[in-house]
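Only one structure is covered here, and it is reproduced in the block below.
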Amino acid sequence: MKKPAVPLILNDFEKQEKEVAYNLGMPGLRIQYFRGPVWGKTNEQLKKQIVEGNNPITGKPAMPELVELLTKPLTAEEQKTGEVKQDLGPKTYTGTPDELQKLFLKKRYTDFLPVVLPTEDKVAEMLKFTSHQPTEILGKMNPGSEAGEAWSYTVKDAAVSAVMAGAQPEYFPVILALGSTGMTAVNVSDNGFMAGAVINGKIRDEIGLNYEEGAVGPYAQANTTIGRAWSLLSINGGNCGKVGTTYMGTIGNPMNLIGIIIAENEEKSPFKPLAVRRGFKDGENVITLFMGWGILSAKNWAADVWGPNMNYPEIIKEIYHAQDGTLFGTCAVLSPPIANYVKDGGYDTVEKFTEWVTGLKPGVKPAGAEGINSGIRNAGGVFTVIVTGGSNNNYFSMGGMVPSRSVQIDKWR
Amino acid sequence: MHSISSCRVQDERCFFVFERREVSAEEPSEPCEYQETGIFPATERWEISGNGRLNRIPHQRILVHSRRVYFKVYGLCWREFARICAFCIENLGFLRRNSLQGRQHKPNTEESRMRLRNAVIAVLCIGLVCSVSMRSNQTYAQGKRAASSNGPVVMPKITVLNPMGTPPPITLIPQAPRLNTLDGKTIYFINTGYIGTDRLMAVMMDWFKANYSKTNFVYKDNKSGAGLAQVSKDLWTEISEKGDAAIVGLGH
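Residue numbers (our numbering), protein chains in the order written: chain A, 1 to 413; chain B, 414 to 665.
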């Protein structure tokens, strides 16, 4: 618009906003910083703490400084044009394994756990499990819409992340399917979002995904390393996960390390697999991506009180209505025994159960993001059912995770 | 069952750190010719000397001759042992693949078994952590073990790939010229929708009105809550045509 503008930013985001401004081509963008948070404060608090306060970074009175940002003539630096190339270092590094592990830590290529060092041989072995060319652009990713332009990454870049994560080569098509979506596993949001995925089809057994006891826990190589590879690809291919710039979760989210990679227990589920419910063929190898807050035991909710008589459909419904589904809806991760309780309760399909739980006819969209910041509570939102895990007890988890894209895995073989 | 948790090389010796978990009676046994679990106390360390004898040693490093002979690792299943050797070959270059392959089959006779036993230099440390190291016969015979263990680290170098993706090129955008004065100008306050921004901007506008009475202020609310990307083109056009500057918030 070619008019002077000044963005107002909370000082805790200074480092991030400077990087974003740099990535967008305005490294010297004039920004006025305030002490936050702003949300939840009265007008009187805002006046005293912010408007009559100082810029926490410069120490100067905030409002006169804001006027100065609009009126002080631009420097030569602020008027620069041209193109800047970002130096990402050499294509290879040579050193002893110890030196390279330290280098990868220093350069923030890792999740701070030791990685398998990506030698050309190991990466080549990974690439044998896809017919796609190493140089093919697999996807573009950024840490979130607020965090600047998307980076791109190739099939080979994904293979490097897969090696580093400790993934077996046969997992690689799944990792490529994840990477092809461009969805980050490590979102920048100060909310602390997580990401996950549900895998359906025969590939679950082919690569040894765990969908029995401990299914959403970290102790299965395929589930864990696929999730870690996605996370490392997000860090290195999508510039995600850098605390202070591209990872701004106020508390953070421990599920960002490896996400939640769920293989549905299709064999013991009374329902059609998630992928089939989303329009794919039965038995087709499909991965469905999720984003949200995560899940935790349903025992966390007062509705789930242990007793001799348990009405699990009612418990799930009550938990659904206790959730704020505005952003990510409600996700129920049911063990086979609980799923069968639901079926025996008269809901032989997820669709029937969903209609009963939400009170909405099929196809009716629950209240969603348009309600954000309105202060209006949206019960439950989009309701998703996943069946996985063992049959050793009547336990299940719930939380906020909403499905986004579903991708065929076999096209990445 | 054991697995390598780390490995380092120092002065031609390879130090492995193993993690161990108990093998239950129900667990299927591995095809392990020399498996002898549970015979070495966790507090003791063992080494195989040059003549193939197993000796107790008082420190945590277990010395294993390599290059010319192969070691037997008590308590490790054969598959784990093979994996350790493969790790050496791939990462350290200490063992020769051909020789290894020659030893990877199960001996058929007691004689061959004994021959292999004599050739093997191995140690098991049963405990939470155990280490295995390798060094040459010559160095060992010269009694330089203590000195060499404190020597400089000698590790083979490897080449690895840079894992970074590709950022887009950055095209520098010059900032718009600043105003000479606010007097007589119209300043837009654009609320991009984050919670509390409306209140903050109301309080800010009060300050401006009190301090810049000759300036006009216009407040515009962007209700999408989705940030600047969702501010309508119409609004940008309006600011371009009717405004002189904009204050946009809130980056939270």
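Every residue, glycine too, gets a C-beta built ideally from N, C-alpha and C.
Given the structure is predicted, the values throughout are model-derived calculations rather than measurements.
- Query: Near Pro169/A, what residues of its chain come up, given a Cβ to Cβ distance below 7 Å and the 5 sequence neighbours on each side ignored?
  - Reply: Result list for Pro169/A: Glu125, Met126, Lys128 and Phe129, in chain order.
- Task: Return the CA-CA distance between Asp634/B and Leu66/A, expressed in angstroms with no decimal places.
- Result: Roughly 20 Å separates the two Cα atoms.
- Query: Hey, is the stretch 109-123 of chain A in contact with the stretch 598-605 of chain B, meaning 3+ C-beta pairs nearer than 8 Å?
  - Reply: No contact exists between the stretch 109-123 of chain A and the stretch 598-605 of chain B.
- Label Thr584/B either buried or exposed according to how many other C-beta atoms from any shown protein chain fall within 10 Å of its C-beta, with 16 as the threshold for buried. Residue burial is scored here from C-beta neighbours: Thr584/B has fewer than 16 other C-beta atoms within 10 angstroms and is therefore classed as exposed.
- Message: Cβ closer than 8 Å: which chain B residues qualify as neighbours of Ala5/A?
- Response: Under the 8 Å cutoff, chain B gives Ala589, Ala658, Ala659, Ile660 and Val661.
- Query: Assuming Lys3/A and Ile652/B make a contact with CB atoms under 8 Å, what is their CB distance in whole Å?
  - Reply: So it is a contact: roughly 6 Å between Cβ atoms.
- Could you give the DSSP three-state label for Trp306/A: helix, strand or coil? Coil.
- Task: In the DSSP assignment, find the beta strand (DSSP E) that holds Asn629/B and state where it starts and stops.
- Result: Per DSSP, Asn629/B belongs to the beta strand (DSSP E) from Asn629 to Asp634.
- Item | Buried versus exposed, by CB contacts within 10 Å (16 or more), Glu77/A | With fewer than 16 other Cβ atoms within 10 Å, it is exposed.
- Does the distance from the CB of Val186/A to the CB of Tyr247/A come in under 8 Å? Contact flag set, yes.
- How should Ile251/A be labelled, buried or exposed, when 16 other C-beta atoms within 10 angstroms of its C-beta is the threshold for buried? Exposed, since its Cβ has fewer than 16 Cβ neighbours within 10 Å.
- Task: Flag this pair as touching only if the stretch 253-264 of chain A and the stretch 225-241 of chain A have three or more C-beta atom pairs under 8 Å; answer yes or no.
- Result: Short answer: they touch.
- Task: Indicate whether at least one CB of chain A lies closer than 8 Å to the CB of Asn593/B.
- Result: Yes - at least one Cβ of chain A is within 8 Å of the one on Asn593/B.
- Query: Residue ranges of each beta strand (DSSP E) run of no fewer than 3 residues wholly in the stretch 240-267 of chain A, ordered along the chain?
  - Reply: Contiguous beta strand (DSSP E) elements confined to the stretch 240-267 of chain A occur at 260-263, taking only those with 3 or more residues.
- Hey, does Ile175/A have any beta-carbon neighbour from chain B nearer than 8 Å? Closer than 8 Å: no.
- For Lys570/B, return the contacting residues in chain A, with the cut-off set at a CB-CB distance below 7 Å. Going along chain A in sequence order, the residues near Lys570/B (Cβ under 7 Å) are Thr94, Gly95 and Thr96.
- Message: Excluding the 5 residues flanking Leu541/B on each side, which residues of the same chain have their C-beta closer than 6 Å to its C-beta?
- Response: Residue confidence for Leu541/B is low, a pLDDT of 32 falling below 50, so the modelled location carries little weight and cannot support an answer.
- Item | Cutoff 7 Å; reference Glu351/A; Cβ partners in own chain excluding five residues on either side | Residues of the same chain with a CB within less than 7 Å of the CB of Glu351/A, apart from the 5 flanking positions on each side, are Pro362 in chain order.
- Query: Of all the CB atoms in chain A, is at least one closer than 8 Å to the CB of Gly664/B?
  - Reply: Yes, Gly664/B counts as interfacial toward chain A.
- With a 10 Å radius around its C-beta and 16 neighbouring C-beta atoms as the bar for buried, classify Pro569/B as buried or exposed. Pro569/B counts as exposed, since fewer than 16 other beta carbons sit within 10 angstroms of its beta carbon.
- Residues of chain A with a CB under 7 Å from the CB of Val573/B: which are they? Identification of chain A residues near Val573/B by a Cβ-Cβ cut-off of 7 Å yields Thr92, Tyr93, Leu100, Leu117, Pro118 and Thr119, ordered along the chain.
- Query: Nearest to Gln408/A by CA position, among Val174/A, Pro56/A, Glu355/A and Gly294/A, is which residue?
  - Reply: Closest option to Gln408/A, Cα to Cα, is Val174/A.
- CB-CB under 7 Å to Asn393/A, same chain, minus the five flanking residues each way: which ones, in chain order? The beta carbon of Asn393/A sits closer than 7 Å to none of the beta carbons in its chain outside the five residues before and after it.
- Task: Check whether the stretch 46-59 of chain A touches the stretch 27-37 of chain A, taking contact to mean three or more Cβ pairs, one atom from each stretch, closer than 8 Å.
- Result: Touching, per the Cβ criterion.
- Backbone CA spacing between Asp410/A and Gly283/A [nearest angstrom]: Straight-line measurement puts the Cα of Gly283/A at about 12 Å from the Cα of Asp410/A.
- Message: For the beta strand (DSSP E) containing Arg405/A, name the first residue and the last one.
- Response: Run containing Arg405/A: Phe396 to Gln408, per the beta strand (DSSP E) assignment.
- Query: How would you call Ala623/B, buried or exposed, if buried means at least 16 neighbouring beta carbons within 10 angstroms?
  - Reply: Taking every protein chain shown into account, the CB of Ala623/B has fewer than 16 other CB atoms within 10 angstroms, so this residue is exposed.
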